[in-house]
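Inspection log for the structure reproduced underneath, given as structure tokens.
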Amino acid sequence: MPPPPRLLRVLTIPSTVRDVTAIRTQWGGIGEVVISSAYMDRNYACPPEEMRQLVSYCETNGLPLVIGSDTNAHHTMWGSTNINSRGAQLLDYIGQVDLHPINRGHRATFVVSNKKEVLDVTFVSSHLLDRIKAWWVDDNESCSDHRYIRTSLSLGPPDPIIYRDRKRTRWDLYKSVLKGLTELDPARACPMSSTEEIEASASRVSNFIHKSYDVACPEKVLKSRRKRVPWWSRELTSLRKEARRLYRVARFGGEEAWAEYKAARNYYSYEMRRRKTASWRRFCESVEEAPVAARLSRILRNDGTIKLGSLDKGDGVYTRTLSDTYELLLDQSFPRDPQRVPWEPDHSKVDDESINLMITSSKISNIINSFGPLKAAGKDGIFPALSQHGLAELIPYLVPLMRGCLTFGYTPLKWRESRVEFLPKPGMESYERASAWRPICLTSFLLKTLEKLVDGWVRTPDLVDRLQRHSQYAYMKGVSTEAALHQIVSLVEGALDSGEYCIAVMLDVRGAFNEVRSDTIIRSLRRFGVNEVCVRYIEHMLRTRTTWVTDSTYEIGRVVERGCPQGGVLSPLLWDLVASEILEKLHHRFPQLYSQGFADDLTTVGRGIDLGTVGSHEQRAVNLVSDWCKEVRYLGVLLDHKLNWGSLCRARALKGMRALAQCRRAIGKTWGLSPKITNWIYKSIIRPAMEYGSLLWAPATKIFLDLPKLEEKVGLEEWLNRSSEEWTSNARHIAKSWIREGLKERCITRDLEKKWGTPVPIDKYKDKVFYVWFDAPIGYISMTKCYTKDYWKAWWMNSDAEIDIEYYQFMGKDNVPFHSILFPASLRGTKDPWTPVRHIMATEYLNYEGGKFSKSRGVGVFGNDAIQTGIPADIWRFYLIFIRPETQDSAFSWKDFMRKNNSELLNNLGNFINRSLTFLAKFFNSIIPPMNLNDDDFRVVAEINREISEYVKFLEACKLKDGLRKILAVSRIGNVYFQTQQPWTLSKNEQDLERFGTICGLGAQIVFLLMTLMEPFLPSVSRKIREQLNVPKPIFSKQLVPFLSVGHELGKVSHLFKKLEADFIGSLKKKYVGQQQPGEA
């Protein structure tokens, strides 16, 4: 509170009454201040005329004003539970003048036996807003139905506001300074040999970044705390000046002077409101882009009424200061672990080759570039753009640093510290409890980079498949909340349609993310067989992390003793692994129930003809979950026992109406947002508020594939064991894992707004389409019928045992379940003699430049992009087969693409073919000469025949990559043959012409062979060679024979391949980097 005033005098206002009293006093560091109390009688206008005169006086004379008022007005802006007409009037008034409510929190200021409400509001002018440090409702007895209100102010000179304008950073200067600092560092790119070196290296990286940023973006002092407003004008300045002049006259004049002042004041107020309204309309009408509309929608939805203030500690006592409030929030969000035992970290050095594979410069670069450049920084103050623009200088530090973190199982101290902000949870009835506030943790982006590397290594396809097989829907690619709800509602609908009993139990594991113990997370990692190097690193990160609340005057820290890391990249996966334990137990112990998980929400659904049996199973399942998590309390959808959706529809409609009312402020009858932006807001804000869960509202008819019944009737498992011996190992493993985990009913139809997909050819289901994974394999049969007319059955329904049909399928491994389980089950269920698949050739994943392909983010080159590059299709075919991920993941690299084209195609294959045919065209008039082979020639023929044999063996085993390499091996033998025989020296002597002709003729025969071998791989190139050889078609032979007879005339010789230049490839790499490019992110 301020010190005793040196000057205290009562301020007399014309027509004053006792309900509005004011004093004018001196405050140190501020000057003259007016302090007033105001009682607003519920029977009179709000606010009273005397208060309006006081506010006008203070504005006219530039005096700061503090008003403590009993408003008798309700409004959520100052914490009331509702809004009445007086509250709306008062808010409208303070919006026109320089008054701001400073109430914080929602604790009632008026309390009687049957009612409590926030009626007492403290207003201050903008001069004092930055001086308010705290506002709270006192717990001491006031001997009244109104509580004491306490306010803490700062009376010293205001602290200067220091800031940096990140968007004006001179990035060229930043890179230059950073380069100078790193080049002079003797420890650059040195491997880590201890945890001390890791800490030192992390500190150096942080210091280099901050020093460079300080130079490139120096701190600035905010010159003015008042923002310029677009609606202010010189005319308003003149009107305000005139109103102030007339007020000074009215103080000593009569009624006529006072009336003249009131008229001037009212006109000034009217003009100010009019200009504000006109400016707002112009702004709304100027909005044309979605990003601006998105920001506008957030402003409209956030009315600013929820402010962090005093919170209930749980015993009726409230926090008094903001630091007390943050301590309470930290206790709630980051609870201590009473079972925590002392832990000794193991930082011994571990040599594991997987560390070098996990941490590479290209992977680090791709991950850092994937972050939004101006995302909020963690406690270390390093936002992504600082790493992105200095990537070349930082990579030599980050690679050994991150490898050292995994080698020693250690996380640098600066990376372990996170910064936390608390945001109100939407839709809460009260914000007086800590549980109504959600913590948002901001962690170091360098730590996030390392976490992404570890996550990519740990999240193997086998691990993901195991999680999905136990119906874990959260944080999984390709599944959603609606998919989870759809599965549950389908089971309930099926029970209702068949007259069975159905019990569905939805459980919310309260505090799941915050309270899970580190021991439990580590146990789950080991249970899934995660690499011990990763486990050790994760354990150290979990047990030593801290979180901080920072302000200009204080810093509160807390060791996080349990819980998944808030804001961490690894957190979703860690929780999925923990939750999988209870899901696996439910599936194993209660196979008759359907169990599903979605983050911290669990549900079990049981159905049957006997209610007691179903109830017993459900109760045992609930007991199992209760024992596992100790405390239990579904996904925002209201379900009742008859699947009536009335309550859900009403709740959704109310939410939509609220969103509409908030957005209505930007749209008028004759002004407002453009139709395009209005439609965008409707589709992006209002409709989603109403449509959540709408997939479930109406009774839906769906078609399911009853896989359990098919498995029982057609012997699916027996067929799979017998037929899968010819499949690739990954296809065999995936298919058998589906059988081993137990097959479930699978829905094969869906509703689509645009009806994309194959319609179901039944009237009852005319508004449905098939899932593409169901109807696409049927297309194999229909395509055969389309091209072979009546002969398709000879291929697909062959009952002649004498005709052996081998059926091959090629695919990525994510499509294996549809071709190994679902499609065969559908065919076998018809009881017709369909030809079964004999060979399923599944590949692993093809990555892009160390990361993943992503059409949505524009990362990677796709079919239409390949056409636009102008590079011939056969070059793409060659490289994609050359790096085909047959046994392990591989990656597309532009540099490697250029290298393979220039070395293998141009210098090896193209060079040999062009030299062979050019010699014949130049020295033999394009005529095949007689050949007299010697021992060297027969040795070459034998080597080529061996390669042909290998080529046939690889293609029969569907090892396409190895088959392609054998073609290159043949041309390489031809090049070595030419290099050793040197035919260009034989053309000069008459006696050597016969030998010269033999070498060139044998070269032409090898070219014919190459043309035949590459026909399946490079058809366009093979066709060009055929034209140059002047032959009608290729002839395959398992041995090199004289394909071209003596005297055969060749066609016109030309080059087959072109060199790819580094500049051209560099431009393509930059073009298809998508959102990973720093400049475009």
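Going by our numbering, the sequence shown opens with residue 3, and the numbers climb by one from there. Ideal placement from N, C-alpha and C gives every residue a C-beta, glycine not left out.
- Take His-472, set aside five residues on each side of it, and the residues of its chain with a beta-carbon closer than 7 angstroms to its own are Ser-582, Leu-585, Glu-586 and His-589, in chain order.
- For Asn-977, the enclosing alpha helix (DSSP H) covers residues 962–983.
- Nearest neighbour of Ile-807 by Cα position, chosen from Asp-464, Trp-794 and Ser-335, turns out to be Trp-794.
- Cα atoms of Ser-203 and Cys-407: separation of roughly 11 angstroms, rounded to the nearest angstrom.
- When C-beta atoms of the region 853–871 are compared with those of the region 728–748, fewer than three pairs fall below 8 angstroms, so the two segments do not count as touching.
- The three-state reading of DSSP puts Arg-440 in strand, counting E and B together.
- Sequence-distant partners of Asp-100 (beyond 5 residues in either direction) whose C-beta falls short of 7 angstroms from its own C-beta, in its chain, are Glu-61, Ser-127 and Ser-128.
- Met-360 and Leu-455 have their alpha carbons spaced roughly 7 angstroms apart.
- Collapsing the DSSP output to three states places Leu-675 in coil.
- In terms of Cβ geometry, Ile-490 and Leu-448 do not form a close pair [threshold 8 angstroms].
- Shown here for Val-1075: same chain residues with a beta carbon closer than 7 angstroms to its own, the five before and five after excluded, namely Val-861 in chain order.
- Unbroken beta strand (DSSP E) runs of no fewer than 3 residues, entirely contained in the region 351–408, are not found.
- DSSP lists Arg-609 as the bridge partner or partners of Cys-504.
- Assignment of Lys-1035 by DSSP, reduced to helix, strand and coil, places it in the coil class.
- Between the region 962–977 and the region 884–891, the count of Cβ pairs shorter than 8 angstroms is three or higher; the stretches touch.
- For Phe-998, the closest C-alpha among the options Cys-192, Val-771, Gln-984 and Leu-1011 is that of Gln-984.
- Counting only runs of 3+ residues, the beta strand (DSSP E) found wholly inside the region 82–165 occupies 112–114, 117–119, 122–126, 134–139 and 151–155, in chain order.
- Apart from sequence neighbours up to five positions away, the residues of its chain that approach Arg-560 with a beta-carbon distance below 7 angstroms are Leu-332, Phe-336, Thr-548 and Thr-549, ordered along the chain.
- In chain order, Leu-493 and Val-607 place their CB closer than 6 angstroms to the CB of Tyr-596, counting only its own chain and leaving out the 5 sequence neighbours on each side.
- Residue ranges of uninterrupted beta strand (DSSP E) with 3 or more members, entirely inside the region 32–68 and ordered along the chain, are 33–41.
- In this structure, DSSP gives Thr-920 a helical state, which the three-state scheme calls helix.
- Contact between the region 74–91 and the region 167–183 is absent, with fewer than three C-beta pairs closer than 8 angstroms.
- By the neighbour-count criterion, in which a residue is buried when 16 or more other Cβ atoms sit within 10 angstroms of its Cβ, Phe-825 is buried.
- Ser-420 places its beta carbon less than 8 angstroms from that of Leu-444.
- Counting along the chain, Ile-558 sits inside the beta strand (DSSP E) bounded by residues 557–561.
- Residue state for Pro-188 is assigned as coil, using DSSP reduced to three classes.
- Here the C-alpha atom of Asp-867 lies approximately 18 angstroms from the C-alpha atom of Asp-898.
- Closest by C-alpha distance to Glu-287, out of Ala-668, Met-933 and Asp-216, is Ala-668.
- Take the alpha-carbon of Pro-188 and the one of Asn-371: they are about 27 angstroms apart.
- With three or more CB-CB distances shorter than 8 angstroms, the region 909–923 counts as touching the region 1045–1057.
- Counting of Cβ neighbours within 10 angstroms places Leu-180 among the buried residues, the total reaching 16 or more.
- In this structure, the beta-carbon distance from Tyr-249 to Tyr-95 does not fall below 8 angstroms.
- For Glu-808, the three-state secondary structure derived from DSSP is coil.
- Inclusion of Thr-413 and His-542 in the CB contact set at 8 angstroms is warranted, their separation being smaller than that value.
- Shortest Cα-Cα distance from Val-972 to any of Gln-981, Ile-946, Val-954 and Phe-980 involves Ile-946.
- Using a 10 angstroms sphere on the CB of Ile-877, the tally of other CB atoms reaches 16 or more, which defines it as buried.
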